[in-house]
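Undergrad:
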Amino acid sequence: MAVATASRTGHLGQSSGLMADTQQAGDSRIPLVSHIITDDDLGLNQGTKHQPVNLKRVIKLLTDPHSMMLYDRHIHALQRIVRHYQKGFPMKELVQVFKILNVCADRVDSQPLYEQPIVDILRLCALPYLKEKSSDELIYEQIVIESVSQLGYLMRIPSDTVRKQICVTLKEFYHEASTAQDVQKHKPSSMAYNRRMVEQSDISETLIKSMALLENNLDLKLQVLSVLQDYSKESEKNCNQMLRADGARRLCSRLTDPDPSGQLLFRSVDVLWNLLEFGDKQAVSDQLNNITCIGQLRDAFVFQLTQGYSHYDRQLRNDLMVIANTVAALSPEAPFVETGFVKQLTLFATFQEVKSHNPLVKQLKLMTNHEDFELKKLLFNILVLLSRDPTVIAILSEGHLLLALFSFVRANDKQVAPREWTTAQFEELQLQSMVSLCTLCPLMPEDYMTCQGSTRLLLLLEWCVGPDSFGGQGNSFFGTSGRGNKKAQMRQCLRLMRSVVSTEDEMVLQDLADQGAINQLLGVLNTAFIKVADECDTVEIEMQADILFILSCLCDGDMHRKELFGVQGVDMVVRYLKTDTKLINSGLGHHKLLLAAIDCTWCAIVGCYVTEDYFLEKEGVFLLIDLLEVCPKNMHNLIMGCLLDLCENPKTINHVLTWRGQDSSSAAHLFCHIWRKEETEIGCKRDAHGAISDVTKPLMGHIQEERGTVSLPAKCPSQAIVDVSENMRAKIYSIFCKIGFTDLPGLTVEDHVTLVIIEKYLDFKMGEVWTETMKELEVENVRPVTPDAEAMEAISRAIDERAQIVASTQSELLEAQHNQDILDEQEFYAEIRENHRQKEKTLADFADYVARTSNYSLLKAAKERQEISIGASRVQPKYREADNFHDTKLHNLKTTVFSGKQVKVENSLGLSRTDTDLAPYDPGDLPSTDRQLIKHLTI
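Sequential numbering from 1 applies to the sequence shown in full-length UniProt numbering.
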């Protein structure tokens, strides 16, 4: 029974193992699917199914010698292509498509029946190309670029229909597709991709070149211009391609071709505008810089100005003027004079203000609309640009341009006539007129005097600071900070005066002075600009600097005008010299204001004894040296020059010597410090102490040394002479010649070392010039005659000896300083030793004091020693030996100190007082107690 049970158990185990293996095998199997259901089977695909055509067979049909003459079959095959690709061409088939187009294009001349199939295929090329995968755009990118270029090459086909279709195709390809392209398994390319392909192709350049084939076909030319308009908008690459094909010149040279519709001029100007805006402006200007293009611009502008009356005509006219302005700005040599354009522009700019009988302006009127207003400003601007050509000045003078511009230099009227410019327009024209006059007046001084320019400017300036209320609009480009005030007018008026006086024309300066400009400008500074410097804005600071510059130009070199400047002017200049130097780096222009004040001091005060003396009374020299101490280096040269000329007045010397700066430094010390900084910058060879390290080149800097000796004509200054004006060493030497080289206060040893070089500056400079002369003779292989050679040799020896003497003097000064430093060091250490001895003595005295106070025998001994010492120090008079001599010593006193002469009485009764007044004395109120009189000894 046990066996049977065991056998059954074994069979059960085997069967369970087989079942487990079967289950494991079933889990590892992958079920097989005998069919796949696609989107086509379910009908989920949307759009037309793409039915490709074997284009290679079509190409073979067209090119095979045996089938070349089968025109019917050719047309049938081409029509079949058109039917199958109604939704566009796939990118991968573009090569075959354009090969077919090129084959057909070559046969159009002999077989016109190919024309319509070409047009149909080109119509399909306007659709975005189809891609099967997203990567097709990258894979077929070069093919697409070449295909777009091929569209331009097809302009060679002598068929108006084909050419028009090419233009239509190119326009539609550049914009969004008008028809939906629903093709199964295909997606159209994006508009951004199409535009990028157009930019990378050379289609724009090809279209420009193709215009040479369309000279007599206005409709086609307009079609091509329409395409160029689209391609040139916001595309720098397309614009540069057009410029490479000389597009600007080609378009501008045909501006005035006959065109009843007027589209040729409009579209050409639009393309030129886009080329200027998005392309290379200089390239456009260079292409338009010829007589043909400037003449076309002139004719088109004159026609639009005289014959155009609509808003569109005025805008087109202004666009032409902007193009002319750009050419004038970028190409100063453009033939505006040769074409007569300058004369006509002057006429159009001045005919309203200056009456003319020219038939061009007989019926011409400029209204107050925005376009005519902009034209007026453009005319002023281009004439200013053209004034850079000297030949233009005579034409502008003949056209009375300055008179027309000065008609705006007047007070602004609140009431305006119906046909005059509005208040805002007049203000803007007024400001631009003054800006234009800033350029033109220095070029035309005679016209300026004829127009009484000085009187007009001073009257306008008087109105600007007057009480009349005026609210400026501040709309102009030149109207900064002019909103609600007259600042803009005053700013431009002062700028105009500055440009006029900067010419240094004595006739103009005298006219301004005779009109009372000096007193008027001083009054403006003292009344209109009374705010603290740190409260002024940029415009106000600029105007103050301009006034100071104008005063400098008016007073420079004229004693009478300096006297007119007078005390009032000196007070004003001193006020500006006290400007806080911390404001120099504020960025508002205070550095310009301070420079203008120093320049005004130099030009309007120095040289006149009356103003100089008052300037010295106001401590002006102190202010100048204060500025020299704290101002940046680029201001030092002007201050030093002003101080040098002031030192011609003997009273100035004491002011210079009296001045004290930071850390009580003297002016001589400051000048030596500036000298050392100058030599450091130019690279003079000096040792660590500032002494001469190369006696053969005591003044030469590294730049002068690197350039070496160069043979120059006699009229050209050499390096040694140029060095005098390039740094301030000559000015510092001249100032020391005035104040002296000895007995100068506040100098250190380093200053004395520097002063030795300064004292011999002129000798060193003369030696440097002679050395340079001798080297030039060597370079030119010129041998001087014997007496000259001996003289030069003697000069060379004298120069070397002088340098050696200076170097030895500097060595002696440094050695003396070194010895003095050693003595000072020894004295310092002696003082330290003495301090230590005093400390030891103090400790010993304290120990002796403790011993005396703690040991009575020591105290007695000390007392005896003291008495012996006192007795030894006294003179022994005979009266001490007398019988009635009274000794003042207190023998029972046990102290070793001397008694004082004062006696202090202490209250031992314990009474205290709180009242301030003394109470009446009453002996009965006192307690019955013993009163003691105590004598205190002072130690």
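Glycine included, each C-beta is placed from N, C-alpha and C at the ideal position. A quick note: this is a predicted structure, and the numbers were derived from the prediction, not measured.
With three or more beta-carbon pairs closer than 8 Å as the criterion, would you say the segment 584-602 touches the segment 624-635?
TA: Counting Cβ pairs under 8 Å, three or more are found: they touch.
Undergrad: Ignoring anything shorter than 4 residues, give me the alpha helix (DSSP H) runs that lie fully in the segment 158-243, in order along the chain.
TA: Runs of the alpha helix (DSSP H) inside the segment 158-243: 160-174, 191-200, 203-210 and 218-232.
Undergrad: At the level of alpha carbons, what is the spacing between residue 478 and residue 463?
TA: Residue 478 sits at position 478 when you count from the first residue of the sequence shown. Residue 463 sits at position 463 when you count from the first residue of the sequence shown. Approximately 19 Å, taken between the alpha carbons.
Undergrad: Can you tell me whether residue 666 is helix, strand or coil according to DSSP?
TA: Translated into the one-based positions of the sequence shown, residue 666 becomes position 666. DSSP places residue 666 in strand when its eight states are reduced to three.
Undergrad: In angstroms with no decimal places, state the Cα-to-Cα distance between residue 362 and residue 399.
TA: Mapped onto the sequence shown, residue 362 falls at position 362. Mapped onto the sequence shown, residue 399 falls at position 399. If I take the Cα positions, the gap works out to 16 Å.
Undergrad: Is it right to say residue 572 is buried, meaning 16 or more other beta carbons lie within 10 angstroms of its own, or is it exposed?
TA: Reading the sequence shown from its first residue, position 572 is the one you call residue 572. With 16 or more Cβ atoms within 10 Å of its Cβ, residue 572 is classed as buried.
Undergrad: So the alpha helix (DSSP H) residue 559 belongs to, where does it begin and stop?
TA: Residue 559 sits at position 559 when you count from the first residue of the sequence shown. Residues 559-577.
Undergrad: In angstroms with no decimal places, state the Cα-to-Cα distance between residue 157 and residue 144.
TA: Counting from one through the sequence shown, the residue named residue 157 turns up at place 157. Counting from one through the sequence shown, the residue named residue 144 turns up at place 144. For residue 157 and residue 144, the distance between alpha carbons rounds to 21 Å.
Undergrad: Pull the bridge partners of residue 467 from the DSSP assignment, please.
TA: Position 467 of the sequence shown, counted from the start, is the residue given in the question as residue 467. Note: residue 467 sits in no beta bridge, so no partner.
Undergrad: If I measure Cβ to Cβ from residue 126 and keep anything under 7 Å in the same chain, skipping five residues before and after, which residues do I get?
TA: If you number the sequence shown from 1, residue 126 lands on position 126. Excluding positions up to five away in sequence, the list reads 168, 169, 172 and 173.
Undergrad: Thinking just about the alpha-carbon of each residue, which of 558, 628 and 568 is nearest to the one in residue 608?
TA: Here residue 608 corresponds to residue number 608 of the sequence shown, with the count starting at 1. Taking only the C-alpha atoms, the option nearest residue 608 is 558.
Undergrad: DSSP three-state call for residue 112: helix, strand or coil?
TA: The residue labelled residue 112 in the question sits at position 112 within the sequence shown. Three-state result, residue 112: helix.
Undergrad: Residue 686 bridges to which residues according to DSSP?
TA: On the sequence shown, residue 686 is found 686 positions in, with the first residue counted as 1. Answer is 692, bridged to residue 686.
Undergrad: Can the beta-carbon of residue 941 be found less than 9 Å from the beta-carbon of residue 620?
TA: What the structure shows of the chain is the stretch from 1 to 939, and residue 941 is not part of that stretch, so it cannot be assessed.
Undergrad: Can you give the Cα-Cα distance for residue 118 and residue 111, rounded to whole angstroms?
TA: Taking the sequence shown and counting its residues from 1, the one referred to as residue 118 is at position 118. Taking the sequence shown and counting its residues from 1, the one referred to as residue 111 is at position 111. Approximately 12 Å between the Cα atoms of the pair.
Undergrad: Using beta-carbon positions only, say whether residue 224 and residue 243 come within less than 9 Å of one another.
TA: On the sequence shown, position 224 is the one that residue 224 refers to. On the sequence shown, position 243 is the one that residue 243 refers to. No. Outside cutoff.
Undergrad: Where do the N-terminal and C-terminal ends of the alpha helix (DSSP H) with residue 806 fall, by residue?
TA: Taking the sequence shown and counting its residues from 1, the one referred to as residue 806 is at position 806. From DSSP, the alpha helix (DSSP H) with residue 806 extends over 786-854.
Undergrad: DSSP three-state call for residue 130: helix, strand or coil?
TA: Locating residue 130 in the sequence shown gives position 130, counting from the first residue. Reduced to three states, the DSSP call for residue 130 is strand.
Undergrad: Give me, in chain order, the residues of the same chain whose beta-carbon lies closer than 6 Å to that of residue 372; leave out the 5 immediate sequence neighbours on both sides.
TA: Position 372 of the sequence shown, counted from the first residue, corresponds to residue 372. So the qualifying residues of the chain are 366.
Undergrad: Helix, strand or coil: which one does DSSP assign to residue 874?
TA: In the sequence shown, the residue the question calls residue 874 occupies position 874. If DSSP states are grouped into helix, strand and coil, residue 874 belongs with coil.
Undergrad: Going by DSSP, what residues sit across from residue 90 in a beta bridge?
TA: As a first step, residue 90 is located in the sequence shown; it is residue number 90 there, counting from the start. Residue 90 is bridged to 130.
Undergrad: Take residue 678 and list the residues in its own chain whose beta-carbon comes closer than 6 Å to its own, dropping the five residues that flank it on each side.
TA: What you label residue 678 is simply residue 678 of the sequence shown in a count that begins at 1. These residues qualify, in order along the chain: 727, 728 and 729.
Undergrad: Taking its Cβ as the centre, do 16 or more other Cβ atoms sit within 10 Å of residue 293, making it buried, or is it exposed?
TA: As a position in the sequence shown, residue 293 is number 293, starting the count at 1. Buried: at least 16 other Cβ atoms inside 10 Å.
Undergrad: Which value, in whole angstroms, describes the spacing of the CA atoms of residue 802 and residue 764?
TA: Taking the first residue of the sequence shown as 1, we reach residue 802 at position 802. Taking the first residue of the sequence shown as 1, we reach residue 764 at position 764. The straight-line gap from Cα to Cα measures roughly 8 Å.
Undergrad: Can you tell me the Cα-Cα spacing of residue 139 and residue 132, whole angstroms?
TA: To locate residue 139, count along the sequence shown from 1; it is residue 139. To locate residue 132, count along the sequence shown from 1; it is residue 132. Those two C-alpha atoms are separated by around 11 Å.
Undergrad: Can you tell me whether DSSP reads residue 256 as helix, strand or coil?
TA: Start at 1 with the first residue of the sequence shown, and residue 256 comes out as number 256. Looking at residue 256 - three-state DSSP - the assignment turns out to be coil, as it is neither helix nor strand.
Undergrad: Grouping DSSP H, G and I as helix and E and B as strand, with all else coil, what is residue 48?
TA: As a working note, residue 48 is residue 48 in the sequence shown. DSSP places residue 48 in strand when its eight states are reduced to three.
Undergrad: What did DSSP end up calling residue 298 once you bin it into helix, strand or coil?
TA: Looking up residue 298 in the sequence shown gives position 298. Looking at residue 298 - three-state DSSP - the assignment turns out to be helix.
Undergrad: Could you tell me which residues DSSP puts in a beta bridge with residue 660?
TA: Position 660 of the sequence shown, counting from 1, holds the residue named residue 660. Partner(s): 666.
Undergrad: Does DSSP put residue 452 in a helix, a strand or coil?
TA: Taking the sequence shown and counting its residues from 1, the one referred to as residue 452 is at position 452. The answer is coil: DSSP assigns residue 452 none of H, G, I, E or B.
Undergrad: Ordered along the chain, which non-local residues of its own chain (more than five positions away) have a Cβ less than 8 Å from that of residue 378?
TA: Taking the first residue of the sequence shown as position 1, residue 378 is located at position 378. Closer than 8 Å at Cβ, skipping near neighbours: 318, 321, 322 and 325.
Undergrad: Mind checking which residues open and close the alpha helix (DSSP H) that includes residue 747?
TA: One-based indexing of the sequence shown puts residue 747 at position 747. Looking at the DSSP string, residue 747 is not in any alpha helix (DSSP H), and its letter there is neither H nor E.
Undergrad: Is residue 218 closer than 9 Å to residue 160 when the C-beta atoms are compared?
TA: Along the sequence shown, read from residue 1 onward, the residue named residue 160 stands at position 160. Along the sequence shown, read from residue 1 onward, the residue named residue 218 stands at position 218. Against a cut-off of 9 Å, the Cβ pair of residue 218 and residue 160 comes out as no contact.
Undergrad: Determine the burial state of residue 912: buried for a count of at least 16 other Cβ atoms within 10 Å of its Cβ, exposed for fewer.
TA: Counting from 1 along the sequence shown, the entry for residue 912 is found at position 912. Since pLDDT at residue 912 reaches only 49, below the 50 mark, its modelled position is unreliable, and no value is offered.
Undergrad: Do residue 493 and residue 525 have their beta-carbon atoms positioned less than 9 Å apart in this structure?
TA: Taking the sequence shown and counting its residues from 1, one reaches residue 525 at position 525. Taking the sequence shown and counting its residues from 1, one reaches residue 493 at position 493. Contact: no.
Undergrad: Using a threshold of 9 Å, state whether the C-beta atoms of residue 78 and residue 104 are closer than that.
TA: For this step, residue 78 is matched to residue 78 along the sequence shown. For this step, residue 104 is matched to residue 104 along the sequence shown. Yes, the pair counts as a contact, with Cβ atoms nearer than the cut-off.
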